[in-house]
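*Asks:* Residue numbers (the numbering used here): 22 to 419.
Mind looking over this structure? Questions follow.
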Amino acid sequence: MTAKHISNTHDHILIYARNSESTSVGKIKRTEEQIAKFQNPDNDSRGPWKAENLSAGKFYTAGQFEIVTPSGQKVLPPPGRYWRCNQETYEKWLSEERIWFGKSGDGRPMLKKYLSEIGDGLTPDTWWEHKECGSNKEATIELKQMFNGNQIFDTPKPIKLIKRMIGLCSSPNSISMDFFAGSCVTANAVFDLNKEDGGNRKFIMVQLPELCDENSEAYKAGYKTIADIGKERIRRVIKKIKEEQNSPQGDLLEQDQPFQDLGFKVFKLSKSNFNIWNANVEKAPEAITQQLELHIEHIDQKSSQEAILYEILLKSGFELTTAIAKLSIEGKAVFSIAEGELLICLEKQLTLEVIRAIAERNPSRVVCLDEGFQHNDQLKTNAVQIMKSKGVLNFRTV
22 MTAKHISNTH DHILIYARNS ESTSVGKIKR TEEQIAKFQN PDNDSRGPWK
72 AENLSAGKFY TAGQFEIVTP SGQKVLPPPG RYWRCNQETY EKWLSEERIW
122 FGKSGDGRPM LKKYLSEIGD GLTPDTWWEH KECGSNKEAT IELKQMFNGN
172 QIFDTPKPIK LIKRMIGLCS SPNSISMDFF AGSCVTANAV FDLNKEDGGN
222 RKFIMVQLPE LCDENSEAYK AGYKTIADIG KERIRRVIKK IKEEQNSPQG
272 DLLEQDQPFQ DLGFKVFKLS KSNFNIWNAN VEKAPEAITQ QLELHIEHID
322 QKSSQEAILY EILLKSGFEL TTAIAKLSIE GKAVFSIAEG ELLICLEKQL
372 TLEVIRAIAE RNPSRVVCLD EGFQHNDQLK TNAVQIMKSK GVLNFRTV
């Protein structure tokens, strides 16, 4: 929208912490332009430096004394200002040749600030320029280029902005969560940061499947929901990184950094795959009988193995990011969780051979479908005893 009088060019970011006393914010990496300001015109053995004002505006009683330059000129702080040190500290700096009076020796005294003595970066301030953090216009162009010129999302955030925020407020091994993921620029920023510094950051994107307008470019391009746009952006970012890594230039650029983990999983909030017992059911025999009948086959027949697997995973106390390997044991599919700590078999026709083979792997826990025993109590009893004989004390059926 065009401004009537003064154009609004400011955006604001609210940053908060659960405990501000124990929270730290990182530094901003110096640009080549900022580093270039450090020079060494007098061949100082301590390396490049830049001259800083020796005076300051804050009142300081001991900061009102006379300084004599090498040319003999007597100098006082400018009106309303004070030397940032007392005379004793000044004499110390002077003896260490940290005071600069210009090449001619008759300039105002300045304090040398050495590049070798300053920290790794700059303390961030409240002014973040577009050239460093991007703009809404730049973000729109970035996304259009990624989606073949289509404007599939109206309000994307600049990648550079999110990269700065993550870089300042997290570590190279942290997890960034975005509760309003939109086009998933946060995931994009995490991938880019990992590519730049070899970090192992991860991300969690949360987005409601909000429907796209049927007249929008996104909908016409095949993206029915905002969540669809975000997932596709992640796929395209991963594809681009893989292409860079596999190119001859990528081999040279990435030779000092390990290839980053480019996998991601998509989960949708849904009802349980298992019929839930209704504890508030009426005590009438008919109601209880109906509940029992619902639990003869207590797993939703429409549920996929993968959906059941992840629900069991969560109920067993494992994270959704836990490593999962699919094995074939005696012709049956068995999922190995956390390198064999937990084995899950969701087959509906179990045999004594597969039970023995699972037990032989010495897992800490085993979970099988109750339906897999086909109401064969003897097979189930034998399974319990086989597991115990191999030291598997945590065996259950669902």
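Positions of the beta carbon are idealized from the N, C-alpha and C atoms, including for glycine.
As the structure is a computational prediction, the values presented were derived from the model and not from experiment.
Going by Cα to Cα distance, which pick from A77, S116, I162, A359 is closest to T343?
*Replies:* Ranking the options by Cα distance to T343, first place goes to A359.
*Asks:* Quick one: complete beta strand (DSSP E) runs, 3+ long, within the stretch 347-387?
*Replies:* Whole beta strand (DSSP E) segments, 3+ residues: 353-358, 363-366.
*Asks:* Label L228 either buried or exposed according to how many other C-beta atoms from any shown protein chain fall within 10 Å of its C-beta, with 16 as the threshold for buried.
*Replies:* In the sequence as presented, Leu is not what sits at residue 228; that position holds Gln. Buried, since its Cβ has 16 or more Cβ neighbours within 10 Å.
*Asks:* Taking the C-alpha atoms as reference points, what is the distance between G101 and Y81?
*Replies:* The alpha-carbon atoms of G101 and Y81 are separated by roughly 11 Å.
*Asks:* So for R102, helix, strand or coil by DSSP?
*Replies:* R102: coil per DSSP, three-state reduction.
*Asks:* For K208 and M226, I'd like the C-alpha separation in whole angstroms.
*Replies:* Looking at the sequence provided, one finds Ala at residue 208 rather than Lys. Those two C-alpha atoms are separated by around 7 Å.
*Asks:* Helix, strand or coil: how does DSSP classify T402 here?
*Replies:* In the structure shown, T402 sits in a helix (DSSP, three-state: H, G or I).
*Asks:* Would a C-beta distance cut-off of 8 Å place N171 and E238 closer than the cut-off?
*Replies:* Going by C-beta atoms, N171 is nearer than 8 Å to E238.
*Asks:* Relative to the C-alpha of V89, which residue among K286, G128, L400 is closest?
*Replies:* Ranking K286, G128, L400 by Cα distance to V89 puts G128 first.
*Asks:* What's the gap between the Cα of C190 and the Cα of K48?
*Replies:* In a straight line, the C-alpha of C190 is about 9 Å away from that of K48.
*Asks:* Could you name each continuous alpha helix (DSSP H) segment of 4 residues or more that falls completely within the stretch 52-85, going from the start of the chain to the end?
*Replies:* For the stretch 52-85, whole alpha helix (DSSP H) runs of length 4 or above, ordered along the chain, are 53-56.
*Asks:* Please report the straight-line C-alpha distance between E351 and F339, rounded to a whole angstrom.
*Replies:* Approximately 26 Å between the Cα atoms of the pair.
*Asks:* Could you please give the first and the last residue of the uninterrupted beta strand (DSSP E) stretch that includes K165?
*Replies:* That residue, K165, is in no beta strand (DSSP E); its alpha helix (DSSP H) goes 157-167.
*Asks:* With a cut-off of 8 Å on the beta carbons, I'd call S76 and R105 a contact; round off their distance for me.
*Replies:* The pair is a contact, with the Cβ atoms about 7 Å apart (cut-off 8 Å).
*Asks:* Excluding the five sequence neighbours on either side, which residues of its own chain have a C-beta within less than 6 Å of the C-beta of K181, listed in chain order?
*Replies:* Around K181: C154, G155.
*Asks:* Just the C-alpha distance for D398 and F285, rounded to the nearest angstrom, thanks.
*Replies:* Going by the C-alpha atoms only, they are around 41 Å apart.
*Asks:* Indicate the three-state DSSP secondary structure (helix, strand or coil) for K289 in the structure shown.
*Replies:* Looking at K289 - three-state DSSP - the assignment turns out to be coil, as it is neither helix nor strand.
*Asks:* So I421 and L232 are supposed to be a Cβ contact under 8 Å. How far apart are they, rounded?
*Replies:* There is no way to answer for residue 421, as the model of the chain reaches only from 22 to 419.
*Asks:* Can you tell me which of the three DSSP states I255 falls into?
*Replies:* Residue state, collapsed to three classes: helix.
*Asks:* Do you know offhand how far R222's Cα is from L214's?
*Replies:* If you take the alpha carbons of R222 and L214, they lie about 8 Å apart.
*Asks:* Taking 6 Å as the limit between beta carbons, can you name the residues of its chain near I259, skipping five residues before and five after?
*Replies:* Taken in chain order, the residues that qualify are L283.
*Asks:* Thinking C-beta only, is E253 closer than 8 Å to Y240?
*Replies:* Taking 8 Å as the Cβ cut-off, Y240 and E253 do not qualify as a contacting pair.
*Asks:* With H, G and I counted as helix, E and B as strand and the rest as coil, what does DSSP make of I196?
*Replies:* The answer is strand: DSSP assigns I196 an E or B state.
*Asks:* Helix, strand or coil, according to DSSP, for F201 in the structure here?
*Replies:* In this structure, F201 counts as coil in the three-state DSSP scheme.
*Asks:* May I ask you to verify whether the stretch 140-150 touches the stretch 114-123, counting CB pairs closer than 8 Å and requiring at least 3?
*Replies:* No, the stretch 140-150 is not in contact with the stretch 114-123.
*Asks:* So, with DSSP's three-state summary, where would you put F427?
*Replies:* Summary: the structure shown does not reach residue 427, with the chain confined to residues 22 through 419, and so no result is reported for it.
*Asks:* At which residue ranges does the stretch 208-251 contain complete alpha helix (DSSP H) runs of 4 or more residues, listed in the order of the chain?
*Replies:* Counting whole runs of 4 or more residues, the stretch 208-251 contains the alpha helix (DSSP H) stretches 238-241.
*Asks:* Go ahead and label L274 buried or exposed: buried means 16 or more other beta carbons lie within 10 angstroms of its beta carbon, across all protein chains shown.
*Replies:* With a pLDDT of 43 at L274, under the threshold of 50, the modelled position of this residue cannot be trusted; read the value that follows with caution. L274 is exposed by the Cβ-count criterion.
*Asks:* Classify N294 as buried or exposed, calling it buried when 16 or more other Cβ atoms lie within 10 Å of its own Cβ.
*Replies:* It is buried - the Cβ of N294 has at least 16 other Cβ atoms within 10 Å.
*Asks:* From A38 to S385, what does the alpha carbon distance come to, in whole angstroms?
*Replies:* So the alpha carbons of these two residues sit roughly 39 Å apart.
*Asks:* Would you kindly work out how many angstroms separate the C-alpha atoms of S324 and S349, rounded to a whole number?
*Replies:* Each residue's alpha carbon lies about 21 Å from the other.
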